[in-house]
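Q: One structure coming up, written as structure tokens, with questions to follow.
2 protein chains.
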Amino acid sequence: MASLKRSVLAPGRFPRMPEIPGVSLQAARAGIKYAGRDDLLLVTLDRGTTVAGVFTRSATASAPVQWSRKVAASGKAGAILVNSGNANTFTGSQGVADVRSTAAMAGRVVGCRRSDVLIASTGVIGEPLPVDRIQRALAGIQPGRRPASWNRAARAIGTTDTYPKGAVRRTRIGDTDVCLCGIAKGSGMIAPDMATMLAFVFTDARLPGPVLRTLLKEGIRTSFNCITVDSDTSTSDTALLAATGRAANPAPKSATAPELKAFRSALKELLTDLAIQVVRDGEGASKFMTVDVTGAASSSEARTAALAIANSPLVKTAIAGEDANWGRIIMAVGKSGARLLQKHLAISIGGVTITRAGERVESYDESEVTEHLKGTDISIAVDLGVGRSKSRVWTCDLTHDYIRINADYRT
Amino acid sequence: MASLKRSVLAPGRFPRMPEIPGVSLQAARAGIKYAGRDDLLLVTLDRGTTVAGVFTRSATASAPVQWSRKVAASGKAGAILVNSGNANTFTGSQGVADVRSTAAMAGRVVGCRRSDVLIASTGVIGEPLPVDRIQRALAGIQPGRRPASWNRAARAIGTTDTYPKGAVRRTRIGDTDVCLCGIAKGSGMIAPDMATMLAFVFTDARLPGPVLRTLLKEGIRTSFNCITVDSDTSTSDTALLAATGRAANPAPKSATAPELKAFRSALKELLTDLAIQVVRDGEGASKFMTVDVTGAASSSEARTAALAIANSPLVKTAIAGEDANWGRIIMAVGKSGARLLQKHLAISIGGVTITRAGERVESYDESEVTEHLKGTDISIAVDLGVGRSKSRVWTCDLTHDYIRINADYRT
Chain A
498 MASLKRSVLA PGRFPRMPEI PGVSLQAARA GIKYAGRDDL LLVTLDRGTT
548 VAGVFTRSAT ASAPVQWSRK VAASGKAGAI LVNSGNANTF TGSQGVADVR
598 STAAMAGRVV GCRRSDVLIA STGVIGEPLP VDRIQRALAG IQPGRRPASW
648 NRAARAIGTT DTYPKGAVRR TRIGDTDVCL CGIAKGSGMI APDMATMLAF
698 VFTDARLPGP VLRTLLKEGI RTSFNCITVD SDTSTSDTAL LAATGRAANP
748 APKSATAPEL KAFRSALKEL LTDLAIQVVR DGEGASKFMT VDVTGAASSS
798 EARTAALAIA NSPLVKTAIA GEDANWGRII MAVGKSGARL LQKHLAISIG
848 GVTITRAGER VESYDESEVT EHLKGTDISI AVDLGVGRSK SRVWTCDLTH
898 DYIRINADYR T
Chain B
498 MASLKRSVLA PGRFPRMPEI PGVSLQAARA GIKYAGRDDL LLVTLDRGTT
548 VAGVFTRSAT ASAPVQWSRK VAASGKAGAI LVNSGNANTF TGSQGVADVR
598 STAAMAGRVV GCRRSDVLIA STGVIGEPLP VDRIQRALAG IQPGRRPASW
648 NRAARAIGTT DTYPKGAVRR TRIGDTDVCL CGIAKGSGMI APDMATMLAF
698 VFTDARLPGP VLRTLLKEGI RTSFNCITVD SDTSTSDTAL LAATGRAANP
748 APKSATAPEL KAFRSALKEL LTDLAIQVVR DGEGASKFMT VDVTGAASSS
798 EARTAALAIA NSPLVKTAIA GEDANWGRII MAVGKSGARL LQKHLAISIG
848 GVTITRAGER VESYDESEVT EHLKGTDISI AVDLGVGRSK SRVWTCDLTH
898 DYIRINADYR T
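Top line first, the protein sequences correspond to chains A and B.
Anchor point for the first sequence: position 69 equals 566 in the numbering used here, and the numbering is continuous, going up by one each time.
Anchor point for the second sequence: position 46 equals 543 in the numbering used here, and the numbering is continuous, going up by one each time.
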């Protein structure tokens, strides 16, 4: 990660995460953009590992995304190669060739086919990938020797992140204990559309490819697809779920098999945990915001309204200024396109009801809301008054530091 | 207007604007929110004046918008009452009653029916309108006595505006000379959806209501609907066009009548002039940006892509930082949902071609773009490479001053 000041919203400490049998992590310094830090991660996966992936829907998706989409579709993989500092995006036919050759190099190191290597790159857009540096770094890696910790792996994939992001959940499939470990990166350009910047989740469970795919898609829907930092969607968004099968549980037939119930909720929890860590590291963030929309005509309209609030520069700056300017929430839901009834519209901040039945409540005491806004974890709840659907979205405020970080990122 | 520092992008000076026969302007200090300045404008319109209006599509539109929509639909009006400092939005049944009573007061002053008075209010959302103050201010106005200049009128309707906005065009309908004068306000919460914050255009031409409606709608499409400051749409957006008929030209039968050709383009010019003035006063703006998208599959996709660039916080902060970070333009068009072909995508900034055929051009010299970015008027052009449709959008950059203005607007 870059040497930025640790976010004030950072969680206490990196969790203790066990090894996942069948997964080996190795980090290296390739010097792609950042000096004096790891910027390359090679994950070796046991033979027989199944994978699923969810990727950005951007029409300018990177060369690695286009490559990995195909690998993930096959349902199996032998390795994941991740670099930070260069996104290999909009690099034309050279970028495509560079993905192919780095996949081949990684395949040689771990002993798998090029077509079984997943690739993920984030960083500057439009610059050619320095393949020679990656090659040199890979040449220094010996599989199985000096494996990296999850913490080190999470640091290696970061760009403008100010802390490493990891999460662990232990659960059971039938009578078999299984474990899930995940790492993620992301801080700016965060408004995932089917995935986040990067998230990699590993489990020793045995899960067929199609089952894995359904589980990941379902888990992303209420986690990474419900966060936003700045409404800008990355060209590199990639979320991968890999299952080594070393726990040797009987393979479930479908994603809805009853023995998968606990696993499904553990996966959702873990993905949500990682997604929230990304938001808490939002560029320049000083407040973490949870936006709940209820009473919507459909869950997609609930999400639209929640994202309109979460992405509104005027709402985000009001929260940064600890200003109980709830009129901007009225504005945001109004412009969102979600159906609502003004006369039923209810808004509360920090649990304090501000409006009900289309008007400010008479007893409303702004000082209670102002007190809540002085904290770092802000909750906004809106009922649209037209239906029963709901959605929860997480975001952060918009501060001077966001401008500072992004007005001189490359210079 | 508030006493904010004049925008560095402000035009040279307020234009010389003649009186429009049949239109009388009067400004007053009601003390609604701002002290020591005009905050009320009363426009008296000659009997027989036709009007058309275009309003925000926000689902939380203000009480005045809901009222004026009905008045404008009738095609005629006797007065326009505008106040700044209070938006009378989300004020429930009291807000509706307050519009009705202030319309009645204005009607008594100018001698027309309550139902012929258009109302427009901008300012804080959710606070009750101080009707008594408006009443006192109106009581001091005598129609025809001490009319206000266009400059004074434009100042009276401003909120966070840093300069008054006016425009004038002289043209002919058939053999008759006619004149158009317009004023506007707006600075933040600018992403109009069918209108801007506030714009009032007056002409002495004789134009039937239905013709006026078509002309206004057509003019708004390529002016106020093509600007954005911060992607936030106001609850008060109102654009009105009033024609007193005093020029006594033969009334045209339809908006497409050949004798209206010059008038139509004069109106478009005037509306675009005002819209650009609003953007140049964008909160905290230090750069004015023109975004041209060509080669789109449809004009609506061209506009979608252009707005995605214009609203991207990462693009806007890069421009503020004078950073030739064109990768963020790639990101923005990618996320927009507009169809494009990466291998045909072409981007230029300040006339310098950066990418062609899906790659950075070999001869690209960043220093030329950096030189352009040091200026205040920035042009971005993108060809999506899939069709023949195009769109132009105007916006401004995102700076520390936007955060400063909006993190402590109410306090």
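For every residue, glycine included, the Cβ atom is placed at its ideal position computed from N, Cα and C.
From a predicted model like this one, the values you see are computed outputs, not experimental measurements.
Candidates B:Pro515, B:Asn746 and B:Ala634: which alpha carbon is nearest B:Glu647's?
A: According to the sequence as given, residue 647 of chain B is Trp; it is not Glu. Answer by Cα proximity: B:Pro515.
Q: Less than 8 Å between C-beta atoms, sequence neighbours within five positions excluded: which residues of the same chain meet that for A:Gly637?
A: Excluding sequence neighbours, A:Gly637 sits near Ala525.
Q: Put A:Lys530 into one of helix, strand or coil per three-state DSSP.
A: Here A:Lys530 sits in coil by DSSP.
Q: If you draw a straight line from the C-alpha of A:Glu624 to the C-alpha of A:Ile902, how long is it?
A: Their Cα atoms are separated by approximately 20 Å.
Q: Kindly indicate the opening and closing residues of the beta strand (DSSP E) around A:Thr547.
A: Here the beta strand (DSSP E) through A:Thr547 covers Thr547 to Phe552.
Q: Is B:Val830 near B:Leu895, with beta carbons less than 8 Å apart?
A: No, the pair does not count as a contact, with Cβ atoms beyond the cut-off.
Q: When you compare the CB of A:Val621 with every CB in chain B, is at least one pair closer than 8 Å?
A: Closer than 8 Å: yes.
Q: At a cut of 8 Å, does the segment 844–856 of chain B reach the segment 598–615 of chain A through at least three beta carbon pairs?
A: The segment 844–856 of chain B vs the segment 598–615 of chain A: no contact.
Q: Give, in chain order, every unbroken run of the alpha helix (DSSP H) that is at least 4 residues long and sits entirely within the segment 753–781 of chain B.
A: Within the segment 753–781 of chain B, the complete alpha helix (DSSP H) runs of at least 4 residues are 758–777.
Q: With a cut-off of 8 Å on the beta carbons, I'd call A:Lys573 and A:Thr547 a contact; round off their distance for me.
A: So it is a contact: roughly 6 Å between Cβ atoms.
Q: Check the Cβ-Cβ distances between A:Ile875 and every residue of chain B, and say whether any is below 8 Å.
A: False, the Cβ-Cβ gap to chain B never drops below 8 Å.
Q: Would you decide whether B:Arg642 is buried or exposed? Buried here means 16 or more other CB atoms lie within 10 Å of its CB.
A: When all chains shown are included, B:Arg642 counts as exposed.
Q: What whole-angstrom Cβ distance do B:Leu539 and B:Ala603 have, given they're in contact under 8 Å?
A: Indeed, because the Cβ distance is near 6 Å, the residues count as touching under 8 Å.
Q: For B:Asn579, does the three-state DSSP call read helix, strand or coil?
A: The displayed chain sequence assigns Val, not Asn, to residue 579 of chain B. In this structure, B:Val579 counts as strand in the three-state DSSP scheme.
Q: Determine the burial state of A:Gln839: buried for a count of at least 16 other Cβ atoms within 10 Å of its Cβ, exposed for fewer.
A: A:Gln839 is buried by the Cβ-count criterion.
Q: Note down, in chain order, every chain A residue with its Cβ under 9 Å from the Cβ of B:His897.
A: Ordered by position in chain A, the residues that pass the 9 Å Cβ test against B:His897 are His897, Ile900, Arg901 and Ala904.
Q: If I'm right that B:Leu767 touches B:Arg666 with Cβ under 8 Å, what's the distance once you round it to whole angstroms?
A: Correct: roughly 5 Å between the Cβ atoms.
Q: Closest Cβ-Cβ distance between B:Glu756 and chain A: below 8 Å?
A: By this cut-off, B:Glu756 is not an interface position.
Q: Shortest alpha-carbon distance to B:Thr732 belongs to which of B:Leu695, B:Ser876, B:Leu804 and B:Ala748?
A: That would be B:Leu695, whose Cα lies nearest to the Cα of B:Thr732.
Q: Since B:Ser565 is in the alpha helix (DSSP H), which residue starts that stretch and which ends it?
A: Here the alpha helix (DSSP H) through B:Ser565 covers Ala560 to Ala570.
Q: Using the three-state DSSP reduction, which class does A:Leu537 fall into: helix, strand or coil?
A: Strand.
Q: What residues from the segment 847–865 of chain A come within 8 Å of chain B, judged by C-beta to C-beta, listed N to C?
A: Listed by position along the chain: Thr852, Ala854, Gly855, Glu856 and Arg857.
Q: Cutting at 6 Å between CB atoms, please list the residues of its own chain near B:Ala499, excluding the five before and the five after it.
A: Caution is warranted here: a pLDDT of 47 is assigned to B:Ala499, below 50, making its placement in the model unreliable, and the coordinate value is therefore given only provisionally. Once the five neighbours on either side are set aside, the close Cβ partners of B:Ala499 are Thr657.
Q: May I ask you to report which of helix, strand or coil DSSP gives B:Trp823?
A: Here B:Trp823 sits in coil by DSSP.
Q: When we look at the beta-carbon of A:Lys813 and count the other beta-carbons within 10 Å, is it buried (16 or more) or exposed?
A: Counting Cβ neighbours within 10 Å, A:Lys813 comes out buried, since at least 16 surround it.
Q: Under 8 Å: do the segment 739–755 of chain B and the segment 787–795 of chain B share three or more Cβ pairs, one atom per stretch?
A: In short, these stretches do not touch, since the Cβ pair count stays below three.
Q: Since B:Arg853 sits in a beta bridge, which residues does DSSP pair it with?
A: In DSSP, B:Arg853 forms a bridge with B:Glu856.
Q: Let me know the secondary structure DSSP gives A:Arg901 once reduced to three states.
A: Looking at A:Arg901 - three-state DSSP - the assignment turns out to be helix.
Q: Is there a Cβ of chain A sitting closer than 8 Å to that of B:Gly632, yes or no?
A: Correcting the residue identity first, residue 632 of chain B is Gln in this sequence and not Gly. Answer no: the Cβ-Cβ gap between B:Gln632 and chain A never drops below 8 Å.
Q: Using a Cβ cut-off of 8 Å, pull out every chain B residue sitting near A:Pro810, in sequence order please.
A: Correct list: Asp727, Ser728, Asp729, Pro810, Leu895, Tyr899 and Asn903.
Q: Smallest Cα separation from B:Val776: which of B:Arg605, B:Cys893, B:Ala560 and B:Gly834?
A: Nearest option by C-alpha distance: B:Cys893.
Q: If you run the structure through DSSP and keep just helix, strand and coil, what is B:Arg611?
A: The answer is helix: DSSP assigns B:Arg611 an H, G or I state.
Q: Please name the residue in B:Gly884, B:Ala532 and B:Phe587 whose C-alpha comes closest to that of B:Ser581.
A: The candidate whose alpha carbon is nearest that of B:Ser581 is B:Ala532.
Q: To which residues of the same chain is A:Lys442 closer than 8 Å at the C-beta, ignoring the five residues directly before and after it?
A: The question about residue 442 of chain A has no answer, for chain A in this structure spans 498 to 908.
Q: Could you check how far apart the C-beta atoms of A:Ala821 and A:Glu780 are, in whole angstroms? I think they sit under 8 Å.
A: Their Cβ separation, rounded to whole angstroms, is 25 Å, which puts A:Ala821 and A:Glu780 out of contact at 8 Å.
Q: Do B:Thr553 and B:Thr730 have their CB atoms nearer than 8 Å?
A: Going by C-beta atoms, B:Thr553 is nearer than 8 Å to B:Thr730.
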